[in-house]
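Shown next, in structure tokens, is the structure this report addresses.
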Ligand SMILES: [Zn+2]
Ligand SMILES: [Zn+2]
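Numbering (our numbering), first residue to last: -11 to 394.
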């Protein structure tokens, strides 16, 4: 092939590369053909390359969000390709380059529409579509009746094999949630395990014993730690004394279990965020946005879940909450903000914080061979952050995204 026909290399320079184990100052990251080719030091920059000057800031891998409902006015449960694209673009502006659109509770038809819309956008792969869909997180509707949270109670049900087999058959589900105590939960977990999913327990009031059974069926993750999950106190209401160990103790006690935190500063206090980091470490803790459609939208009332009949929630611009009651209803900020909070509020180092927003979720969702760190061969999903960790530029497969929300 003629040399002039080749796409010029993309070269990030004048910044500190954030690697999973360390910072690499004065680094050069070379990308070619949409892939990372080299990470290291260079005395002279290659000629004919497209240069990206990090201006003394940080060069990091793009973020991976495994739990996210929407943004910029759209919820994935709206069930249209337009809504999916709107939400994926919104999260790309916050540094998320790989996304797992997440279902809420809803009717079987609403879930089918959501899965089909995500498949359509995933197939018509276009860098202008924003964060790339690596799979769907099948989250609602199999929640415990007493832990539905801000999701629609009418859309909740126990696992139904006829229903979920149809959803799994689409092939797009890569993460699968079910409350461990529900009848049929283990069967659901086994089906998800056959499909190679990350299996998670969420919106659940499960005991240690129920978690142990779920673990044997393949469950390895718990959704949004401390939110809509069992505690010693909640189980005392269910079983009296002797008091029982809960999901919290089960996760902390099992090396093979991971979990995630919503680090928006509204859901969890700094000491809880730091406790999660210190107890679990950066290999078992993921940062997720759990963002709803109010991300990048003015304060006001919004539907959580499908626009047709989702529950009403309110956003004050900092967090979502249930009108009147005060209970929280998912976040309204991006992973860039979560990364800044985690760095400011906990003792985690910058490489560890970035790992929790990229490589760790990629490993748990089994896509770490493709994305999650600045390693030759992986997709050129690269971010430029300034020294205060403000997002400056976003590259998806080596193509610059039109804008980054600072
Ligand atoms: Zn939830
Ligand atoms: Zn959620």
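Glycine included, every Cβ here is placed at the ideal spot set by N, Cα and C.
For residue i, count neighbouring Cβ atoms within 10 angstroms of its own Cβ and tell me buried if that reaches 16, exposed if not.
| i | result |
| --- | --- |
| residue 207 | buried |
| residue 227 | exposed |
| residue 139 | buried |
| residue 220 | exposed |
| residue -10 | Unreliable positioning characterises residue -10 in this predicted model, as indicated by a pLDDT of 42, which lies under 50. A coordinate reading is not provided. |
| residue 420 | Shown here, the chain extends from -11 to 394; a query on residue 420 therefore has no answer. |
| residue -8 | Unreliable positioning characterises residue -8 in this predicted model, as indicated by a pLDDT of 46, which lies under 50. The coordinate reading is nonetheless provided below. Exposed is the call here. |
| residue 135 | buried |
| residue 162 | buried |
| residue 116 | exposed |
| residue 335 | exposed |
| residue 286 | exposed |
| residue 133 | exposed |
| residue 252 | buried |
| residue 30 | exposed |
| residue 114 | exposed |
| residue 3 | buried |
| residue -6 | exposed |
| residue 267 | exposed |
| residue 366 | buried |
| residue 9 | exposed |
| residue 375 | exposed |
| residue 178 | exposed |
| residue 194 | buried |
Would you say residue i touches ligand 1, meaning its beta carbon is less than 7 Å from a heavy atom?
| i | result |
| --- | --- |
| residue 137 | yes |
| residue 282 | no |
| residue 255 | no |
| residue 125 | no |
| residue 278 | yes |
| residue 44 | no |
| residue 191 | yes |
| residue 212 | yes |
| residue 216 | yes |
At a cut-off of 7 Å, is residue i close to ligand 2 when judged by its beta-carbon and the heavy atoms of the ligand?
| i | result |
| --- | --- |
| residue 130 | no |
| residue 90 | yes |
| residue 395 | No answer is possible for residue 395: the residues shown for the chain start at -11 and end at 394. |
| residue 55 | yes |
Shorter than 7 Å, the distance from the beta carbon of residue i to the closest heavy atom of ligand 3, or not?
| i | result |
| --- | --- |
| residue 125 | You won't find ligand 3 in this model; what it holds is ligand 1 and ligand 2. |
What did DSSP end up calling residue i once you bin it into helix, strand or coil?
| i | result |
| --- | --- |
| residue 4 | strand |
| residue 300 | strand |
| residue 355 | coil |
| residue 174 | helix |
| residue 389 | coil |
| residue 25 | strand |
| residue 275 | strand |
| residue 375 | coil |
| residue 231 | coil |
| residue 41 | strand |
| residue 35 | coil |
| residue 160 | coil |
| residue 55 | strand |
| residue 165 | strand |
| residue 245 | coil |
| residue 143 | helix |
| residue 79 | helix |
| residue 96 | helix |
| residue 130 | coil |
| residue 366 | coil |
| residue 119 | coil |
| residue 306 | coil |
| residue 218 | coil |
| residue 10 | coil |
| residue 291 | strand |
| residue 260 | helix |
Problem set entry | Segment contact, 8 Å Cβ cut-off, at least three pairs: the stretch 138 to 158 with the stretch 94 to 109 | yes
For this session: Pair every Cβ in the stretch 329 to 344 with every Cβ in the stretch 282 to 298, then say whether three or more of these pairs are closer than 8 Å.
Result: no
Exercise. Are three or more beta carbon pairs between the stretch 170 to 177 and the stretch 153 to 161 nearer than 8 Å?
Worked result: no
Exercise. Can we say the stretch 206 to 220 touches the stretch 175 to 192, given the rule of at least three CB pairs closer than 8 Å?
Worked result: yes
Problem set entry | the stretch 35 to 42 / the stretch 350 to 364 touching (three or more Cβ pairs under 8 Å) | no
Exercise. Touch check for the stretch 69 to 76 and the stretch 36 to 53: three-plus C-beta pairs under 8 Å?
Worked result: no
For this session: Say whether the stretch 319 to 326 touches the stretch 111 to 129, bearing in mind that this needs 3 or more beta-carbon pairs closer than 8 Å, one atom from each stretch.
Result: no
Exercise. How about the stretch 378 to 387 and the stretch 70 to 85: do they share at least three Cβ pairs that are nearer than 8 Å?
Worked result: yes
For this session: Determine contact between the stretch 273 to 288 and the stretch 298 to 316, defined as no fewer than three beta-carbon pairs at a distance below 8 Å.
Result: yes
Exercise. Counting pairs of Cβ atoms below 8 Å between the stretch 359 to 374 and the stretch 313 to 322, do you hit three or more?
Worked result: no
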